[in-house]
Each structure stands twice: as C-alpha cells, then as structure tokens.
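Number of protein chains: 2
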Amino acid sequence: MRVLGVDPGLTRCGVGVVEGVPGRQCTLVAYYVIYTDPGDDLALRLLHLDRTLTDLVAEHQPRSVAVERVFSQHNVRTVMGTAQASAVAVLAGARAGLPVSTYTPSEVKAAITGSGQADKAQVTSMVTRLLKLDAPPRPADAADALALAICHIWRGGTRSKLEAAAARHRGSATASQHRGKR
Amino acid sequence: MRVLGVDPGLTRCGVGVVEGVPGRQCTLVAYYVIYTDPGDDLALRLLHLDRTLTDLVAEHQPRSVAVERVFSQHNVRTVMGTAQASAVAVLAGARAGLPVSTYTPSEVKAAITGSGQADKAQVTSMVTRLLKLDAPPRPADAADALALAICHIWRGGTRSKLEAAAARHRGSATASQHRGKR
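Protein chains in written order, with the working numbering: chain P, 1182 to 1363; chain L, 1182 to 1363.
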C-alpha cells in the first residue's frame, strides 16, 4: 500500500510517499518539502500549502495519509502555524476521501528506531537505511515525513482500515448546525 | 459591502454575515453556529467545517472574509483546535478568491464597544443594538462572528482593498518547492 506522510509546518512542510506492506521492505516513491514565505499573508500561505498537498495526493494516489499530531508542549509561538498546517494536511487527505491517521512524534520514533526518545539524526539515519537510499533525504523535514509514512505502513495498516470503516459508518451525521436568519 | 465573519472553533464555530458601508448602519444577513462532535475523528470534523464554510461563502457571496486571529495566550489545550479551525476558515475564503483579514479579539472589542477590554456581554449587547435585533443572537459564538464582520466593515474596508491588490500583485510566486525523486 502507498502512504503519503506529512510533517506539518507553515514555513517548511515535509511530504514523503512510501510504498510497502507491514513487516516487509518499504520503498521510496518521492519526497518533497513545501515552503511558504513567512512574510506573506496567512491566506496565501495556507492556500499554497493546500494546493500543493492536494496536487501531490492526486499525483501519487496514496491509499491513506499520515500526519504528525501537533502537541501543545511545543514552542507556543510556532505551534499555531504547525496546527494550522496540520489542519490543511488532514483536510487535503479527507477531501480526497482518504483515511487520515495521526501519530505523535514518539510513536513515529519508536516505530522507526525502536526508541521513542530517538533524536532527529537517528530517525534520518534509519529512514535512509530502511528505504535503501544512497544518501540521507535533505532537508530533514522530508526524512520526518518519510518516517511517518513508514510508521503508518508498519503500525497503521489495520488501524486505518478500522478507521475508514468507522468513518463510513458515521457518514456525515457528525454535526448539527444552528441557523438564525432575519 | 457584504462581509462574512468567522469566530473559529473546532467544537463551535460562529459565522456572521453582515451588509454595510463604513460609518453607516450595518444590517444582519444571517448567522450560524457550526458544531462538530469532539468524539469524532479530526479529519471528519475539519471536513464538516470546511464544507459548511465553503457552502456559506457560496450562498452569501461576501466581498471579503474576516477571521479572529488566534493567540497563543489562550488556553494551550484548546488553542490547537482553534488554530486548526481558523486555518479552515481562512482557507475557505482564500479558495473562493476572497480577501481574508484577521483581527485580534481586542481590535474587535474596541471597534464595537470603544474598549478593547470589553467583556462578552458588552459585545453581544452592542451587536444587538448596532444590527437593531429584537433579541441578542444566540449562541454567543454567533455574536462574536457578527462583531468581527461589523469590525471589518468599519475598520477594514480600505485595508482589505489594499490587501487584495497586494495579493493580486504577488500572485502565486510566493513559494518554491523542493522535490526529490528516486
């Protein structure tokens, strides 16, 4: 199965596409880093992120999307942009009708390196070995996105199927709407 | 000019549509509160918010969209959802090709009540008077969204025109993209 992983960020957003099945060798399909200019309007930045992610989903036709879960423990000033970028990523997958899973950074580290405390260099090194790459992916945001995709293939195959079934079951009856008009 | 104001929230998102020109009486067009179930998947919640906001923009054809700017001073646990909902709101306006402005809560309070320190009740009361409503809008999330729309009409008319011109000028040349493929 093909998975598109997203390491969300407003200034730099990593995207990794990986093909594989649980317990087997994964292969790299492609990776990207989407940049937006911190000097631009928020609307333009989110729009660029949305369009690029939507295009990448359409191009690679993944079976599911995996997005890093944003934590409030992060730097409070940067967490806002990360939360907004993650919303755009989750939405890009959901709008394409794909199941979207989120993983915490330590879930990803544990899946890839065996330790939830691993540092960025260890994750990059393992991603390079696991995908049999000649050199580490650069920039590092891409390595984190690839790690997310591998983590989802190994850990999430079953989970995403269950989630997709649950989502179909709940359908659109998830929210009511209050309406007032004069 | 018609403005669609959004008080972003993941569980309750207020939307207010107001018609008016700077310095003149504003009139209510409609208001809404979009609810999503905290027990649902994030993807479903963001998707419902996106679809409803996109539909409301299409239905009311506003000239511009005003969204409350999210602050990191907020409760850190709830700020993540608010940031994600604000991203969806900003994106809904931007995808429709509309200029999107953001205002801080104190800018809105100052524009509506004359004081940036005003409480929720004072804002609701002024919105009710300014729009000549028979009763305060309920729930209160709707009043905040209407206040945003009024604030934008009064303060932002000129600003949004400048922003729109700037956005057109910058066009899509806002971001580069790194691509790696094997």
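We put the beta carbon where it would ideally sit given N, CA and C, even for glycine.
Look at P/M1182: its C-beta is not under 8 Å from any C-beta on chain L. Burial check for L/T1263: the Cβ neighbour count within 10 Å reaches 16 or more, so the residue is buried.
Taken in chain order, the members of the segment 1223 to 1255 of chain P whose beta-carbon sits within less than 8 Å of a beta-carbon on chain L are L1223, A1224, L1225, R1226, L1227, L1228, H1229, D1231, T1233, V1251, S1253. Contact fails between the segment 1217 to 1232 of chain L and the segment 1233 to 1242 of chain P, because fewer than three Cβ pairs, one in each stretch, are under 8 Å apart. If you draw a 10 Å sphere on the C-beta of L/Q1265, you find 16 or more other C-beta atoms in it, and that means buried.
Counted as a single uninterrupted DSSP element, the beta strand (DSSP E) harbouring L/L1185 occupies residues 1183 to 1188. In this structure, L/V1198 and L/Y1212 form a Cβ contact; the two beta carbons are roughly 7 Å apart against a cut-off of 8 Å. Here P/D1188 is buried, its C-beta having at least 16 other C-beta atoms within 10 Å.
Rounded to the nearest angstrom, the gap between the Cα atoms of L/H1241 and L/V1196 is 11 Å. Every beta strand (DSSP E) stretch that sits fully inside the segment 1188 to 1219 of chain L and reaches 3 residues is listed by chain position as 1193 to 1200, 1208 to 1216. Here L/L1279 really is in contact with L/P1243; their C-beta atoms are around 7 Å apart, less than 8 Å.
The C-alpha of L/L1272 lies about 17 Å from the C-alpha of L/L1225.
With its beta carbon less than 8 Å from one in chain P, L/L1272 belongs to the interface. Around L/T1283, the beta-carbon contacts reaching into chain P at under 8 Å are L1223. Around the beta carbon of L/S1287, a 10 Å sphere encloses fewer than 16 other beta carbons of the protein chains shown; the residue is thus reported as exposed. For the pair P/I1215 and L/A1270, the Cα-to-Cα distance works out to about 21 Å.
Per DSSP, L/V1304 is one residue of the alpha helix (DSSP H) stretching across 1301 to 1311. Annotation for P/D1300: no residue places its beta carbon closer than 8 Å to its own, counting only its chain and skipping 5 residues before and after. Residue-level contact check: L/Q1265 touches chain P, since one or more beta carbons of chain P fall below 8 Å from its beta carbon.
L/P1317 and P/A1291 have their C-alpha atoms some 52 Å from each other. Chain L has no Cβ within less than 8 Å of the Cβ of P/A1321. Taking 8 Å as the cut-off, the beta carbon of P/V1251 is found closer than this to the beta carbon of P/S1267. Under the 8 Å criterion on CB atoms, P/A1328 is classed as non-interfacial with respect to chain L. Taking the beta carbon of L/V1269 as reference, the chain P residues within 7 Å of it are A1268, L1272, listed in sequence order.
Proximity of L/M1307 to chain P, defined by a Cβ-Cβ separation below 8 Å, is not satisfied. Distance from the CA of P/A1324 to the CA of L/M1182, rounded to the nearest whole angstrom, comes to 47 Å.
Measuring C-alpha to C-alpha distances from L/W1335 to each of L/Q1303, L/R1276, L/A1247, L/C1194 identifies L/A1247 as the nearest. DSSP places P/A1316 outside both helix and strand once states are collapsed to three, so it counts as coil. Shown here for P/V1184: same chain residues with a beta carbon closer than 7 Å to its own, the five before and five after excluded, namely V1199, P1243, R1244, S1245, A1247, A1330, H1333, I1334 in chain order. Residue range 1245 to 1249 is occupied by the beta strand (DSSP E) that includes P/S1245. For L/T1285, the three-state secondary structure derived from DSSP is coil.
Below the 8 Å Cβ cutoff, chain L contributes L1228, D1231 as neighbours of P/R1276, in chain order. Between L/G1186 and L/A1326, the gap from beta carbon to beta carbon is short of 8 Å. One thing to note: P/L1312 has its Cβ within 8 Å of the Cβ of P/C1207.
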